[in-house]
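>
In our numbering, the protein residues as written are 841 to 1075.
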């Protein structure tokens, strides 16, 4: 009898543990919100080709605006670059060179910009994405996604829509970044989202249009030359 009673208690505990796990994994997500936390900051360590850099990422308005500061030491030289995502544009600049770019992006075109709170079967099929299960990163239960798209293979650990860790391989080069510090709910400094007045941002989309127009001109010229060659009588 004691044995049976013990078994019933174990089943109750298992049911309770299962419920707790499911509650931890299940998220009340809003597909219109990229992040499930309104604001905060994260610090990452990134490693690629034997080089290490640190990234500070701040966000507000559930990820509609993010600001990332990347610092790297290479051969005794320290570099700092800034990236701000605001609205439909990604702004990147280097304070040392005074050069900056901006590009209009689709939120689904870049793995780092995927809205994991708004994934559907069509999108997952397009990017060959698979949800592999869950793992813990810094005590946070993350959904694990793998992706194989246009030569990029990656694994991403996602918590409340935020990528806490990512491993990707492009052309045989592996890049890893993982969160080493996270503060949910803290108000980020407003100035990290401000674009510097002394930097002119070149629009990559416009530059690509110019390149496409030049290529069209070249193709037209080649076509005209071919047509002229065809009209030359053979003697």
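Beta carbons: idealized from backbone N, C-alpha and C, even for Gly.
Report the residue ranges of all beta strand (DSSP E) runs contained in full by the stretch 966-991; include only those spanning at least 3 residues, in chain order.
Segments of the beta strand (DSSP E) lying fully in the stretch 966-991: 970-977, 980-989.
> Quick one: is residue 966 buried, meaning 16 or more other Cβ sit within 10 Å of its Cβ, or exposed?
The sequence position of residue 966 within the chain shown is 126, counting from 1. Residue 966 should be labelled exposed.
> Could you tell me whether any non-hydrogen atom of the ligand GTP is closer than 7 Å to the CB of residue 898?
This structure lacks the ligand GTP; in fact it carries no ligand of any kind.
> Going by other Cβ atoms of all chains shown within 10 Å of its Cβ, with 16 needed for buried, is residue 898 buried or exposed?
Position 58 of the chain shown, counting from 1, holds the residue named residue 898. Label assigned to residue 898: buried.
> Kindly indicate which three-state DSSP category residue 922 falls into: helix, strand or coil?
Your numbering for residue 922 matches position 82 in the chain shown. DSSP places residue 922 in strand when its eight states are reduced to three.
> Rounding to the nearest angstrom, what Cα-Cα distance links residue 1010 and residue 992 in this structure?
Counting from 1 along the chain shown, the entry for residue 1010 is found at position 170. Counting from 1 along the chain shown, the entry for residue 992 is found at position 152. Their backbone Cα atoms lie some 5 Å apart in a straight line.
> Determine, using beta carbons only, whether residue 882 and residue 1022 come nearer to each other than 8 Å.
Position 42 of the chain shown, counted from the start, is the residue given in the question as residue 882. Position 182 of the chain shown, counted from the start, is the residue given in the question as residue 1022. Yes, these two residues count as a Cβ contact at 8 Å.
> Identify the residues that DSSP records as bridge partners of residue 1076: which are they?
Any answer about residue 1076 is impossible in this case: the structure gives the chain only from 841 up to 1075.
> Kindly list the residues whose CB is nearer than 7 Å to the CB of residue 980, restricted to its own chain and excluding five residues on each side of it in sequence; keep chain order.
On the chain shown, position 140 is the one that residue 980 refers to. Closer than 7 Å at Cβ, skipping near neighbours: 999, 1004.
> State whether the stretch 937-945 contacts the stretch 1031-1045, with contact taken as three or more CB pairs (one from each stretch) at a distance under 8 Å.
A contact exists between the stretch 937-945 and the stretch 1031-1045.
> Output the distance between the C-alpha atoms of residue 876 and residue 903, rounded to the nearest integer angstrom.
Stepping through the chain shown from its first residue, residue 876 is reached at position 36. Stepping through the chain shown from its first residue, residue 903 is reached at position 63. Cα to Cα, the separation comes out at about 8 Å.
> So, is residue 918 buried or exposed, given that buried needs 16 or more other C-beta atoms within 10 angstroms?
The sequence position of residue 918 within the chain shown is 78, counting from 1. Exposed, because fewer than 16 other Cβ atoms sit within 10 Å of the Cβ of residue 918.
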